[in-house]
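J.:
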Amino acid sequence: MHDLKELRTKPDFYKEKLSRRDKSLVNLIDEILTLDKNKRDIQTKADELRKKKNEIAAEVGRSKDNPEKMESFKQEGKKVSEAISDIEKQEMNLNHELTTKLLWVPNILLDDVPQGEDESKNLEVFKWGEPKLGKWIKPHWDIGTELKLLDFERGVKVAQSRFTVLTGIGAKLERAIINFFLDNASTKGYTEIFPPILINKDAMTGTGQLPKFEGDFYKCENEFLYLTPTAEVSLTSLHKDEVLGYEELPIKYCAYTPCFRREAGSASKDTRGIIRQHQFNKVELVKITSEDTSNEEHEGLTKDAEELLQKLELPYRKVLLCSGDVGFLLVNAMTWKFGFLPKINIGKLAVVLILDLFRQGE
RNA sequence: GGACAGGUGUCCGAGUGGUUUAAGGAGGCAGUCUUGAAAACUGUUGAUGCCGCAAGGUAUCCGGGGGUUCGAAUCCCUCCCUGUCCGCCA
């Protein structure tokens, strides 16, 4: 969540930066500023009333020996309390509306993000290897089924469509890749973490997943827990509410978790095969850095991840996403387009500014 | 799932409805003493919002939320968390 005070002090800066994503965000900022003004007015009024309440309550205490006087103070106090209760309701509504709106303000993009509305303006920055095309080309769902690596029907039997069962070599391959990624990360100095798979609401909100993506997650009934959509949530929340010294940075974490997404609203998109699953496995790399080393740490992280593709001899193109294509939480994003299937992202790498999650230490 | 005990400031810890301030201690900071340090003594020391040019004022904060009351850390309800014991069980 953005700092309201910052936003109040330099609204034009925010408007300019945010309109790179979407012009309508300017209006959102204006709405927030108006709400903020109202909230502060109401709060001042409420403070005055509460002061009066405190004074009257003290008078009641002092007039113990005088029942008549005491009674009259009590009556007065009652009236003030009622007025406070009214105004506090307004205060609460305004506050609620204000934080909700604030949570809907996306992160500010870094300057190097190319301007553009859709993926046609994305910028290819690097290319590695050449895809080898042959007559034997088949879609992965055919190969997977024929070699008995993937079983789509039985996934439905156990769960639902878009839950796929990996069998035999397929299961072993999945496990091997996870191990390969984790081991590689360990040699690069990332501390391996095995986090909880269920995540509480605070962590989900702190990392910006909520309220924007509510509906995209699986949620436990009668519990305030969500199935993790990405290990990023738990890894960055590990240090929630902590003050970190510069000497502790950068902190480097890696984690394997299964990830769960409802993929609501994307019913007809990339449904075939294992591209867009409700449950998938991911090895996540996270660095917590100071602002001044952020860029070089990001570059290092990119390299660490890219090395895996090269070791696996997978040709790829590295693409910098444009302003219209960068996700809500991200300040910039690099994505790897895999082989000759231009539509498929095999990974996305981004600088994520988690505002409100860390306080800056001295 | 059941029973009990807890959750108070940077930390420890007192506080079962009221007189201006959440007692006291530790730690931190400043000072006195000392060649210097330690000890001792004295003083000081929270966060956040709002108003104000400022000095300052004011409100909120005792796990979260709600309620009772003129007044709540304190009483009631509810949820979360921690500990101990019991039951159940992949």
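Read in our numbering, the first sequence has 116 at position 112, and its numbers run on one by one without any break.
Cβ atoms here follow ideal geometry from the backbone N, Cα and C, with glycine treated the same way.
(1) Does DSSP put R321 in a helix, in a strand, or in coil?
(2) Please list, in chain order, all residues of the same chain as L39 whose beta carbon is under 8 Å from its beta carbon, the five residues on each side excluded.
(3) Evaluate E288 with the Cβ neighbour count: other Cβ atoms within 10 Å of its Cβ, from every protein chain shown; 16 or more gives buried, anything less gives exposed.
(4) Using CA atoms only, rank isn't needed, just tell me which of I88, Y260, S238, P233 is closest to Y222.
(5) Which word fits L22, buried or exposed, when buried means at least 16 other C-beta atoms lie within 10 angstroms of its C-beta?
(6) Is any non-hydrogen atom of the ligand FMN found closer than 8 Å to the C-beta of T103, if you look at the structure I gave you?
(7) I'd like the list of long-range same chain contacts for R24, defined as Cβ closer than 6 Å, with 5 residues on each side in sequence excluded.
(8) Taking the C-alpha atoms as reference points, what is the distance between N188 and T293?
(9) Nearest by alpha-carbon distance to E251: which of E86, Q314, T297, F198 is it?
(10) Do K216 and F332 come within 9 Å of each other at the CB atom, strictly closer than that value?
(11) Pull up the CB-CB distance for R266 and G219, whole angstroms please, since I reckon it's below 8 Å.
(12) Roughly how many angstroms separate the alpha carbons of G249 and V237, rounded to a whole number?
(13) Just the Cα atoms here: how many angstroms apart are F156 and F167?
(14) Assign A163 to one of three DSSP states: helix, strand, or coil.
(15) Rounded to the nearest angstrom, what separates E128 and K322 at their Cα positions?
(16) If you check the beta carbons only, do I181 and P262 fall under 9 Å apart?
(17) In chain order, what residues of the same chain have a beta carbon less than 6 Å from the beta carbon of I197, not counting five sequence neighbours either side?
(18) Restricting to Cα atoms, I'd like to know which of K286, E311, P15 is closest to N31.
(19) Find the nearest neighbour of G120 within the set D329, L154, N336, judged by alpha-carbon distance.
(20) In whole angstroms, give me the CA-to-CA distance for T13 and E295.
(21) On the DSSP bridge list, what partners appear for N285?
(22) Which ranges does the alpha helix (DSSP H) cover as unbroken runs of at least 4 residues, wholly within the stretch 173-236, from first to last along the chain?
(23) Please go through the same chain and pick out, in chain order, the residues whose beta-carbon is closer than 6 Å to the beta-carbon of E63, but skip the five residues on each side of it.
(24) Let me confirm a value: T367 is counted as buried when at least 16 other C-beta atoms fall within 10 Å, else exposed. Which label applies?
(25) Find the nearest neighbour of E227 within the set N204, L214, Q213, D146, judged by alpha-carbon distance.
(26) Going by beta carbon distance, what residues of the same chain come within less than 6 Å of I36, once the five residues before and after it are set aside?
(27) How is E128 classed by DSSP in three states: helix, strand or coil?
(28) What are the start and end residues of the alpha helix (DSSP H) that includes M96?
(29) Quick one, are the C-beta atoms of H144 and I255 less than 9 Å apart?
(30) Leaving out five residues on either side along the sequence, give the residues of the same chain with a beta carbon under 8 Å from the beta carbon of Q178.
(31) With a CB to CB cut of under 7 Å and the five nearest residues on each side skipped, what residues in its chain are close to A61?
(32) Counting C-beta neighbours from all protein chains within 10 Å, is the total for V162 16 or more, i.e. buried, or is it exposed?
(33) Considering only DSSP beta bridges, list what L154 is partnered with.
(34) Compute the Euclidean distance between the alpha carbons of K148 and I173, then round it to the nearest angstrom.
(35) Do E95 and K43 come within 9 Å of each other at the CB atom, strictly closer than that value?
T.: Short version:
(1) Residue mapping note: residue 321 aligns to position 317 of the first sequence, counting from 1. Three-state result, R321: strand.
(2) What you label residue 39 is simply residue 35 of the first sequence in a count that begins at 1. Cβ neighbours of L39 beyond the five flanking positions: L98, E101, L102, K105.
(3) As a first step, residue 288 must be located in the first sequence, where it is residue number 284. The residue in question, E288, is buried, as its Cβ has 16 or more Cβ neighbours within 10 Å.
(4) Start at 1 with the first residue of the first sequence, and residue 222 comes out as number 218. The residue with the shortest Cα to Cα distance from Y222 is P233.
(5) Within the first sequence, the letter at position 18 stands for residue 22. Buried is the call here.
(6) Ligands are entirely absent from the displayed structure, and the ligand FMN is therefore not among its contents.
(7) Mapped onto the first sequence, residue 24 falls at position 20. Cβ within range, chain order: L113, S327.
(8) Taking the first residue of the first sequence as position 1, residue 188 is located at position 184. Taking the first residue of the first sequence as position 1, residue 293 is located at position 289. Answer to the nearest angstrom: the Cα atoms are 21 Å apart.
(9) As a first step, residue 251 must be located in the first sequence, where it is residue number 247. Cα-wise, what sits closest to E251 is T297.
(10) In the first sequence, counting from the first residue as 1, residue 332 sits at position 328. In the first sequence, counting from the first residue as 1, residue 216 sits at position 212. Contact: yes.
(11) Counted from its first residue, the first sequence places residue 266 at position 262. Counted from its first residue, the first sequence places residue 219 at position 215. With a Cβ gap of about 7 Å, R266 and G219 count as contacting.
(12) Within the first sequence, numbered from 1, the residue matching residue 249 stands at position 245. Within the first sequence, numbered from 1, the residue matching residue 237 stands at position 233. So the two alpha carbons sit approximately 22 Å from each other.
(13) As a position in the first sequence, residue 156 is number 152, starting the count at 1. As a position in the first sequence, residue 167 is number 163, starting the count at 1. Rounded to the nearest angstrom, the two C-alpha atoms are 7 Å apart.
(14) Numbered from its first residue, the first sequence carries residue 163 at position 159. Coil at A163, not helix or strand.
(15) Translated into the one-based positions of the first sequence, residue 128 becomes position 124. Translated into the one-based positions of the first sequence, residue 322 becomes position 318. Those two C-alpha atoms are separated by around 6 Å.
(16) By one-based count along the first sequence, residue 181 stands at place 177. By one-based count along the first sequence, residue 262 stands at place 258. It is not a contact, given that the beta carbons lie outside the stated cut-off.
(17) Translated into the one-based positions of the first sequence, residue 197 becomes position 193. Within the same chain, I197 has close Cβ partners Y257, A259.
(18) Working through the first sequence from its first residue, we reach residue 31 at position 27. Nearest C-alpha to N31: P15.
(19) Here residue 120 refers to the residue found at position 116 of the first sequence. It is D329 whose Cα lies nearest to the Cα of G120.
(20) Working through the first sequence from its first residue, we reach residue 13 at position 9. Working through the first sequence from its first residue, we reach residue 295 at position 291. Distance between the alpha carbons of T13 and E295: 21 Å.
(21) On the first sequence, position 281 is the one that residue 285 refers to. Note: N285 sits in a beta bridge opposite P262.
(22) 173-191, 205-210
(23) Within the first sequence, residue 63 is the residue found at index 59, counting from 1. Same-chain partners within the cutoff: F77.
(24) No statement about residue 367 is possible, as the shown extent of the chain runs from 5 to 366 and does not include it.
(25) Here residue 227 corresponds to residue number 223 of the first sequence, with the count starting at 1. It is N204.
(26) Against the first sequence, residue 36 aligns to sequence position 32. Contacts found: K105.
(27) Locating residue 128 in the first sequence gives position 124, counting from the first residue. Three-state result, E128: strand.
(28) Numbered from its first residue, the first sequence carries residue 96 at position 92. First-last of the alpha helix (DSSP H) with M96: 71-107.
(29) On the first sequence, residue 144 is found 140 positions in, with the first residue counted as 1. On the first sequence, residue 255 is found 251 positions in, with the first residue counted as 1. Not in contact: H144 and I255 (Cβ atoms no closer than 9 Å).
(30) Within the first sequence, residue 178 is the residue found at index 174, counting from 1. The question names Gln, but residue 178 in the sequence shown is Glu. For E178, where only same-chain residues beyond five positions count, the Cβ hits under 8 Å are L170, N285.
(31) Position 57 of the first sequence holds residue 61. The residues are G81.
(32) By 1-based counting over the first sequence, the position of residue 162 is 158. V162 comes out exposed.
(33) Looking up residue 154 in the first sequence gives position 150. L154 is bridged to L170.
(34) Residue 148 sits at position 144 when you count from the first residue of the first sequence. Residue 173 sits at position 169 when you count from the first residue of the first sequence. Lys is not the amino acid found at residue 148; the sequence shown has Gly there. In a straight line, the C-alpha of G148 is about 10 Å away from that of I173.
(35) Taking the first residue of the first sequence as 1, we reach residue 43 at position 39. Taking the first residue of the first sequence as 1, we reach residue 95 at position 91. Yes, they are a contact pair.
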